[in-house]
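If you use my numbering, the sequence shown corresponds to residues 2 to 265, in order. We treat Cβ as the ideally placed atom computed from N, Cα and C, and that holds for glycine. Below: one structure, written as structure tokens.
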Amino acid sequence: MSSVRLTRGSGLGLGVALLWFSLLVLIPLAAVVATAAAGGWDGFWRAVTNEQTAAAIRLTVGTALLVTIVNVVMGTLIAWVLVRDRFPGQRALEVLIDVPFALPTIVAGLVLLSLYGPDSPLGLDVANTRAAVFLAFLFVTLPFVVRTVQPVLAELDREVEEAAASLGASRLTTFRRIILPALAPAIAAGAALSFARGVSEYGSLVLLSGNLPMQTEVTSVRILSSIENDNLANAAAVATVLLAVSFAVIVALDVIQRRVGRRG
């Protein structure tokens with residue numbers, strides 16, 4: 002087997018990239034895990050199985066998973082419409098999709114509270130309910146699947162679809178056997194980003210959800226509360242659980258997209 006040798010420039014670039022990645026990601030994550038483990042397994046287990054903390058974890062992870070599923074369907078549909086159709090106001094819609102990226106999350110929370118709070122002009126008051134958490138997660142994660150699927154869909158060869166149609170394949174069969182396998186990696190990437198953003202969200206829901214213990218309190222609020230009470234070990238324990246869950250979801254999405262790709 003021939004060995005791969007890096008040039009001096011490539012080696013230097015790789016070293017700088019690994020150093021930068023370590024400083025920004027690996028070392029902070031290792032510090033969080035180390036802090037969580039400082040109190041031993043018993044302390045870690047007590048922190049994450051505390052009734053209020055466990056309720057926050059269930060709400061956050063469950064809502065993030067549900068929002069991710071919605072985004073996979075709706076995000077792919079929106080990307081399809083933007084790529085395959087032409088309609089008045091399309092450019093405006095393109096800009097609006099990116100608003101959650103540009104808008105500070107606390108401002109997003111204020112906007113959501115104005116629209117869906119007690120003084121809602123739409124007559125929809127979801128403040129201090131779990132629906133508020135779901136709505137806030139939907140808002141901040143909207144662009145991810147759209148923006149990962151859109152460029153891939155734009156680059157697909159339409160002639161392959163036309164050939165499948167000429168051979169008698171239905172639109173559903175063409176989508177399932179030709180289009181979906183090509184889009185699967187992009188959909189999985191967008192879904193992973195959507196889930197990760199959801200479990201870590203704070204600003205957009207802190208005003209609308211009310212942060213009610215055992216009802217609408219999410220893990221980011223629990224972590225902040227632990228830090229304010231000078232309990233870094235508990236905060237790190239919850240953060241470690243979220244890290245493990247996010248990693249498991251990313252791995253699961255990768256496995257699913259590989260299987261979809263092979264079946265296609």
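Exercise. Exposed or buried, which one is A72 when buried takes at least 16 other CB atoms within 10 Å?
Worked result: For the purposes of this step, residue 72 is taken as the residue at position 71 of the sequence shown. Sequence check: residue 72 is Asn here, not Ala. Here N72 is buried: its Cβ has 16 or more other Cβ atoms, across all protein chains shown, within 10 Å.
Exercise. With 16 other CB atoms within 10 Å as the buried threshold, where does A93 fall?
Worked result: For the purposes of this step, residue 93 is identified with residue 92 of the sequence shown, where counting begins at 1. Looking at its Cβ environment, which holds fewer than 16 other Cβ atoms inside 10 Å, A93 is exposed.
For this session: Rounded to whole angstroms, what's the CA-CA distance from N235 to L206? Just pull it up for me.
Result: Locating residue 235 in the sequence shown gives position 234, counting from the first residue. Locating residue 206 in the sequence shown gives position 205, counting from the first residue. Taking the straight line from one Cα to the other gives about 22 Å.
Exercise. Quick one: any contact between the segment 180-189 and the segment 144-154, if contact means 3 or more CB pairs under 8 Å?
Worked result: Taking a cut-off of 8 Å on C-beta distances, the segment 180-189 touches the segment 144-154, as three or more cross pairs fall below it.
Exercise. Does A56 come within less than 9 Å of chain D when only Cβ atoms are used?
Worked result: Here there is only one protein chain, and chain D is not present.
Exercise. What are the uninterrupted segments assigned as beta strand (DSSP E) that are 3 or more residues long and contained completely in the segment 61-125, given in chain order?
Worked result: The segment 61-125 contains no whole beta strand (DSSP E) run of 3 or more residues.
Problem set entry | Range covered by the alpha helix (DSSP H) that runs through T174 | One-based indexing of the sequence shown puts residue 174 at position 173. Taken as a continuous stretch (DSSP letters only), the alpha helix (DSSP H) holding T174 covers 172-175.
Exercise. Apart from the five residues just before and just after L111, which ones in its own chain have a Cβ nearer than 7 Å to its Cβ?
Worked result: Within the sequence shown, the letter at position 110 stands for residue 111. If we look at L111 and ignore the five residues flanking it on each side, its Cβ neighbours are L208.
Problem set entry | Backbone secondary structure at A128 - three-state DSSP | Against the sequence shown, residue 128 aligns to sequence position 127. Coil at A128, not helix or strand.
For this session: Determine the contact status of A1 and A37, defining contact as a CB-CB distance below 9 Å.
Result: Because residue 1 is not part of the residues shown, which for the chain are 2 to 265, the question remains open.
For this session: Taking the CB atoms as reference points, tell me whether A268 and L139 lie closer together than 9 Å.
Result: Outside the shown range of the chain, which is 2 to 265, sits residue 268, and nothing can be said about it.
Exercise. Could you give the distance in angstroms between the alpha-carbon of L254 and the alpha-carbon of V261?
Worked result: If you number the sequence shown from 1, residue 254 lands on position 253. If you number the sequence shown from 1, residue 261 lands on position 260. Roughly 10 Å separates the two Cα atoms.
Problem set entry | Alpha-carbon to alpha-carbon, I79 and A39 | Position 38 of the sequence shown, counted from the first residue, corresponds to residue 39. Position 78 of the sequence shown, counted from the first residue, corresponds to residue 79. Between the alpha carbons of A39 and I79 lies a distance of about 46 Å.
Exercise. Is DSSP giving R260 helix, strand or coil here?
Worked result: Here residue 260 refers to the residue found at position 259 when the sequence shown is read from its first residue. Of the three classes helix, strand and coil, the one that applies to R260 here is helix, per DSSP.
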